[in-house]
Amino acid sequence: MRLLIIRPAALGDTLMLMPSLHALRQKAETILVGRSPGINFLAPHVRRVMNYETHGWHALFTDEKGTAPSLLLHPADLALLFHGDPDGRVAARLRTLLPCARVKVFPGFPPAEKETHVALYLARCLQASGCPIEAERAFKEALRFPLLSLWNIGEGFTLSPPVKATGRAVFHPGSGGKTKNHPPRFWLKLIDCFGASFPFPLALLLGPAEEELLSFFRDRLQKSETEILFCPEKETLMPLLAQSRLFAGHDSGITHLAAMLGAPTLAFFRSTSVVQWRPLGPKVRIIEGDHCGPDVLEKALAQAEDLLK
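Going by our numbering, the letters in the sequence shown line up with residues 948 to 1256, in that order.
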């Protein structure tokens, strides 16, 4: 099957496609259209990725004449668009551009009131569209195996390359939504408690959304041995997470990435649904709630100790 998936979304939202892509790895030639950086991490698992921002895909959502995205060069048997399309114009445009393909359009996310994980929702959409995938099985595999660290051997898969937890404990105190985040001082206390409890190096990871916190943490951690890493490149970030002894973060794209790489992951959920957004991976613990008092620190240390066993 020649499959085209269009999902222009943020990092964590894009990674939710990974269970489906893994299940389709030997059954479909998939072209994935999305946003960077998410598509960069999924590139090894599809035939090709295309950046929604740079290949003319915006033409699907406008009435511009004489422009067409480069999908015309890549005929598909089935095209799936995960995007709002209340009046059906986008679907009609896509059908015009791909007259030989079946076109299916779905909302980008399940309804908020539905108790469905986003990854399972996406897999079910693909299955309902005729893709050779068992949605429930694909989702369960994502909970059991670190899918971003797997590669195919015949009909099976194994870890490649084998990684050892010889690195640091990594803390990521931000996300793309401020309502999801515990305050910076909570993370300072967590780092301090963790450093006093466990005898290995610590690292603080900050991305573009946390740039305004860079000076705050530099000032307060300058006497600490905690290394601060700001916006590392993919080639640095992937091994950092995959080899970390522990990763702690909010409901964020980086947390989803760490879990899918197999890092022991401690995820703090303050305002979002655990049912819909639980990080996927075999070593995940959740701490839910919007308070961040001493009892939360104690619980975090206990969960971390459990993950480290």
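Built from N, CA and C at the ideal position, the CB exists for glycine as well.
Only buried fits R1115, as 16 or more other CB atoms lie within 10 angstroms of its CB. Within the stretch 1164-1198, complete beta strand (DSSP E) segments of at least 3 residues are found at 1174-1177, 1193-1197, given in chain order. Bridge pairing for F1145: absent [DSSP]. Rounded to whole angstroms, the Cβ separation of L989 and T961 is 7 Å, and the two are in contact under 8 Å. By the CB criterion at 7 Å, V1117 and A1150 fall inside the cutoff.
When C-beta atoms of the stretch 986-1003 are compared with those of the stretch 1220-1231, fewer than three pairs fall below 8 Å, so the two segments do not count as touching. In the structure shown, the three-state DSSP call for H1030 is coil. Between A1048 and K1136, the alpha-carbon positions lie close to 55 Å from each other. Membership of H969 in the alpha helix (DSSP H) is indicated by the continuous run 965-970. Contact between C1078 and L971 holds, since their C-beta atoms are separated by about 6 Å, short of 8 Å. In the DSSP assignment, L951 falls outside any alpha helix (DSSP H) and lies within the beta strand (DSSP E) extending over 949-954. Counted as a single uninterrupted DSSP element, the alpha helix (DSSP H) harbouring H1203 occupies residues 1200-1207. In the DSSP assignment, R1049 falls within the unbroken beta strand (DSSP E) covering 1049-1053. 7 Å or more divides the Cβ of L1213 from the Cβ of A1189. In the three-state DSSP reduction, R1232 falls in the strand class (E or B). Counted as a single uninterrupted DSSP element, the beta strand (DSSP E) harbouring F1215 occupies residues 1212-1216. In this structure, the alpha-carbon of L1028 lies about 25 Å from that of D1198.
Within the DSSP secondary-structure output, E976 pairs in a beta bridge with R949. Residue pairing by DSSP places F1118 opposite L1151, A1195 in a beta bridge.
A straight-line Cα-Cα distance of about 21 Å links A957 and L1160. About 4 Å separates the beta carbons of C1239 and F1133, which is inside the 8 Å limit, making them a contact pair. In this structure, DSSP gives N1128 a state outside helix and strand, which the three-state scheme calls coil. Relative to the Cα of T1202, the nearest Cα in the group E1182, D1032, W1224 belongs to W1224.
Shown here, G1003 sits in coil according to DSSP, grouped into three states, outside any helix or strand.
Pairing L1176 with Y999, the inter-Cα distance amounts to about 28 Å. Rounded to whole angstroms, the Cβ separation of A1082 and L1094 is 15 Å, and the two are not in contact under 8 Å.
Around the CB of S1162, fewer than 16 other CB atoms lie within 10 Å, so the residue is classed as exposed. Rounded to whole angstroms, the gap between the alpha carbons of E1062 and T1009 is 33 Å.
One Cα belongs to C1072, the other to G1123, and the distance between them is close to 26 Å. Per the coordinates, the alpha-carbon of F1053 lies some 17 Å from the alpha-carbon of I978.
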